[in-house]
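> Sequence positions in the sequence shown follow my numbering and run 1 to 463. By construction, the Cβ of each residue, glycine as well, lies at the ideal position given by its N, Cα and C atoms.
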Amino acid sequence: MRTELLGQEKNIVKIKAEIEASEFIKALNRTINELSNQGNFRGFRKGHTPRKIVEMRYGREAIYNEAIEKLMNDELQQIVEDYELDLIESPMLNVTEKIEEGKNVICQLTFEVRPEVELPEIDGMEIEKVVTEVTDADVDKLAKRIRVQLADIKETDRPIQDGDLVDLELTIRTLNPDGSETEEQLKPETTHEKINLADETIRVQVREALIGKSKGDEASAVFDVEEGHADRSLAGKRVSYKMKIETVSEYVLPEVNEDFYKHVFGPDTDIKDDETYRARLRQDIEGEVTQENKSDLYTRAVDLVASKSKVELPDRFIARQINAMRHEDEEWAKSNGIDMNTAFGVGTEEGKKGYEALLKTRAENAVRNVLVMDKLAEKYDIHIEQSDLEAEFERRANELHVSKGFVAKYFYENKNQLDRLTDQLRWDKTAEAMISHMAVKEVKELSKPENRPENDNQEKQGE
Numbered sequence: 001m002r003t004e005l006l007g008q009e010k011n012i013v014k015i016k017a018e019i020e021a022s023e024f025i026k027a028l029n030r031t032i033n034e035l036s037n038q039g040n041f042r043g044f045r046k047g048h049t050p051r052k053i054v055e056m057r058y059g060r061e062a063i064y065n066e067a068i069e070k071l072m073n074d075e076l077q078q079i080v081e082d083y084e085l086d087l088i089e090s091p092m093l094n095v096t097e098k099i100e101e102g103k104n105v106i107c108q109l110t111f112e113v114r115p116e117v118e119l120p121e122i123d124g125m126e127i128e129k130v131v132t133e134v135t136d137a138d139v140d141k142l143a144k145r146i147r148v149q150l151a152d153i154k155e156t157d158r159p160i161q162d163g164d165l166v167d168l169e170l171t172i173r174t175l176n177p178d179g180s181e182t183e184e185q186l187k188p189e190t191t192h193e194k195i196n197l198a199d200e201t202i203r204v205q206v207r208e209a210l211i212g213k214s215k216g217d218e219a220s221a222v223f224d225v226e227e228g229h230a231d232r233s234l235a236g237k238r239v240s241y242k243m244k245i246e247t248v249s250e251y252v253l254p255e256v257n258e259d260f261y262k263h264v265f266g267p268d269t270d271i272k273d274d275e276t277y278r279a280r281l282r283q284d285i286e287g288e289v290t291q292e293n294k295s296d297l298y299t300r301a302v303d304l305v306a307s308k309s310k311v312e313l314p315d316r317f318i319a320r321q322i323n324a325m326r327h328e329d330e331e332w333a334k335s336n337g338i339d340m341n342t343a344f345g346v347g348t349e350e351g352k353k354g355y356e357a358l359l360k361t362r363a364e365n366a367v368r369n370v371l372v373m374d375k376l377a378e379k380y381d382i383h384i385e386q387s388d389l390e391a392e393f394e395r396r397a398n399e400l401h402v403s404k405g406f407v408a409k410y411f412y413e414n415k416n417q418l419d420r421l422t423d424q425l426r427w428d429k430t431a432e433a434m435i436s437h438m439a440v441k442e443v444k445e446l447s448k449p450e451n452r453p454e455n456d457n458q459e460k461q462g463e
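#1: Is Lys-294 helix, strand or coil by DSSP?
#2: Hey, how far is the Cα of Arg-203 from the Cα of Tyr-241?
#3: Under 8 angstroms between C-beta atoms, does Arg-30 make it to chain B?
#4: Is the beta carbon of Ile-195 closer than 8 angstroms to that of Asp-464?
#5: Cβ of Val-372 within 8 angstroms of Cβ of Val-206?
#6: Could you tell me if Phe-406 is buried or exposed, where buried requires 16 or more neighbouring beta carbons within 10 angstroms of its beta carbon?
#7: With H, G and I counted as helix, E and B as strand and the rest as coil, what does DSSP make of Glu-255?
#8: So, are the CB atoms of Ala-377 and Thr-430 less than 8 angstroms apart?
#9: If you run the structure through DSSP and keep just helix, strand and coil, what is Lys-272?
#10: Going by DSSP, what residue range makes up the alpha helix (DSSP H) through Asn-369?
#11: Looking only at its chain, what residues have a beta carbon closer than 6 angstroms to the beta carbon of His-229, apart from the 5 residues adjacent to it on each side?
#12: Tell me whether the beta-carbon of Arg-2 lies closer than 8 angstroms to the beta-carbon of Glu-18.
#13: For Leu-168, I'd like the list of residues in its chain whose CB is within less than 7 angstroms of its CB, leaving aside the five on either flank, ordered along the chain.
#14: Decide if Tyr-412 is buried, meaning its Cβ has at least 16 other Cβ atoms within 10 Å, or exposed.
#15: Just list the residues that DSSP pairs Val-117 with in beta bridges.
#16: Which residue wins for smallest C-alpha separation from Leu-6, given the options Tyr-83, Leu-71, Ile-63 and Leu-35?
#17: Just to confirm the assignment: which complete alpha helix (DSSP H) runs, minimum length 4, are found wholly within the stretch 371-446?
#18: What separation, rounded to the nearest whole angstrom, lies between the Cα atoms of Asn-336 and Ser-90?
#19: Near Val-367, what residues of its chain come up, given a Cβ to Cβ distance below 8 angstroms and the 5 sequence neighbours on each side ignored?
#20: From this set, Val-134, Lys-294, Gly-266 and Leu-304, which residue's C-alpha is nearest Asp-284's C-alpha?
#21: Which whole-angstrom value describes the C-beta separation of Val-370 and Lys-129, a residue pair presumed to lie in contact below a C-beta threshold of 8 angstroms?
#22: In angstroms with no decimal places, state the Cα-to-Cα distance between Glu-112 and Asn-365.
#23: Among Glu-75, Thr-191 and Glu-286, which has the Cα closest to the Cα of Glu-399?
#24: Quick one: what's got a C-beta closer than 8 angstroms to Glu-445's C-beta in the same chain, skipping five residues either side?
#25: Please report the straight-line C-alpha distance between Lys-52 and Glu-66, rounded to a whole angstrom.
#26: Since Glu-27 and Lys-103 should fall inside the 8 angstroms C-beta cutoff, what is the C-beta to C-beta distance between them, to a whole number of angstroms?
#27: Please list, in chain order, all residues of the same chain as Ala-408 whose beta carbon is under 7 angstroms from its beta carbon, the five residues on each side excluded.
#28: Got a sec, what are the start and stop residues for the beta strand (DSSP E) Asp-152 sits in?
#29: Measure the CB-CB distance between Phe-223 and Val-239 and report whether it falls below 8 angstroms.
#30: With 16 other CB atoms within 10 Å as the buried threshold, where does Thr-276 fall?
#31: Below 8 angstroms on the Cβ atoms is my contact criterion, and I expect Gly-345 with Tyr-355 to pass it. Report the Cβ-Cβ distance as a whole number of Å.
#32: My understanding is that Ile-122 touches Met-438, with C-beta atoms under 8 angstroms, so please give their C-beta distance in whole angstroms.
#33: Taking only runs that begin and end inside the stretch 60-123, name each unbroken alpha helix (DSSP H) of 4 or more residues, in chain order.
#34: So the beta strand (DSSP E) Leu-168 belongs to, where does it begin and stop?
#35: For Lys-237, which residues in the same chain have their Cβ closer than 6 angstroms to its Cβ, ignoring the five residues on either side in sequence?
#36: For Ser-307, does the count of other Cβ atoms within 10 angstroms reach 16, so buried, or fall short, so exposed?
Given below as structure tokens:
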């Protein structure tokens, strides 16, 4: 097979491949024999079906194309090595001239390669790392939460008190900032919900509206939902809760003693007194907040370095990412019983344009980060070894209070999950190597948002 570089535009490389007639015939005969063996042709033994019969079932052009694809798959690795291509995905194959047996076959391969990434000077780049001090109040909250989780629940006729469990009929409406109706308010959805007033994350407006009310009463609360709220249909909106109380229940908390400790940590626990118990809770909280702060640091560091890197974002890569994100949004809306118009405001032309612009920004940031992290992994020679997987299995086993073998078995039996875990470990390992070259300042809270500079990548993107 002879190949020739036709040209490169941005990150798209086109290569001409000329398959010699004799090579094509060999591949064609192989393909026909395989189809003859695989198919069930009445009246013929497998592998002995005449070519014309095989062609009648599958079609001559389809057989030609399959033979070429098999042949090109065999040669692909050599082409990649010859032209030193760093592929993003498998190439597209196009036969440019009519196929005639006895003549060479001319094809064109279109490769999408990884674009060049110019990293900024990372050594000494400043970034803040949040260090959270675990207080006695934090331990108290966790201790209370555990008791509530293990408590018996008993209905009561008394008015609602802080810490109760309230079953209610809930109608959520969105409002304009001035309190006037929006389109969503005209079609409110009423659901049955449980609101746990023992949960400290319950909004103060909802808590205050319910306390003192009794079964059968109605209560209302109005509040502004933050932009980053998990429920995207409510994020950034003013919301009205209309609540009709159906039942009120109180938690009968268990006594904290050795039986309680065994119930929480298992029968073999060595915790036998309050001091040891609280020390264990503090340790668990410290581990959790340390992991959260670490993840936050990684995210901000990657965003910071990516924003200062120069990279030409591949259009097709962006388009695929947009489609994937749109699909995720559609699945999220479907799983929550919300239509896309309510969730993302795409019912109007203006709303649709705004949503598409947001998708494009999200996709560009995601693609930029991936390309920059790949470049950093290459720069720092990051690889995931078996020891990395074993350490992660051990960490998760301890966190879930199960055996390491149980965790390992799950991932080895679920290849997609193992691949995702490996990718995440590579990402984390790369971020850790990058941060080791930065000037990290420990703080109790971030002094200012480390936003992505708007103009850092405009020149490259517009080329």
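Taking the coordinates as given:
#1: helix
#2: 11 angstroms
#3: Going by chain labels, chain B is absent from the structure shown, which holds only one protein chain.
#4: This structure does not reach residue 464, given that the chain is present from 1 up to 463, and the question cannot be answered.
#5: no
#6: exposed
#7: coil
#8: yes
#9: coil
#10: Looking at the DSSP string, the run of the alpha helix (DSSP H) that includes Asn-369 is 349-379.
#11: Ala-235
#12: yes
#13: Glu-193, Ile-195, Met-243, Lys-244, Ile-245 and Glu-246
#14: Exposed, since its Cβ has fewer than 16 Cβ neighbours within 10 Å.
#15: Val-311
#16: Tyr-83
#17: Taking only runs of at least 4 residues, the alpha helix (DSSP H) segments lying wholly in the stretch 371-446 are 386-400, 404-413 and 415-435.
#18: 35 angstroms
#19: Only Leu-313, Pro-314, Phe-317, Ile-318 and Gln-321 meet the Cβ criterion.
#20: Val-134
#21: With 8 angstroms as the limit, Val-370 and Lys-129 do not qualify as a contact, their Cβ atoms being about 24 angstroms apart.
#22: 19 angstroms
#23: Glu-286
#24: Val-130
#25: 16 angstroms
#26: Residue 27 is actually Ala in this sequence, not Glu. Actually they do not touch by this definition, with Cβ atoms about 14 angstroms apart.
#27: Phe-393
#28: 152-155
#29: yes
#30: exposed
#31: 7 angstroms
#32: The Cβ separation is near 6 angstroms, so the contact holds.
#33: 60-82
#34: 165-175
#35: Thr-174 and Val-225
#36: buried
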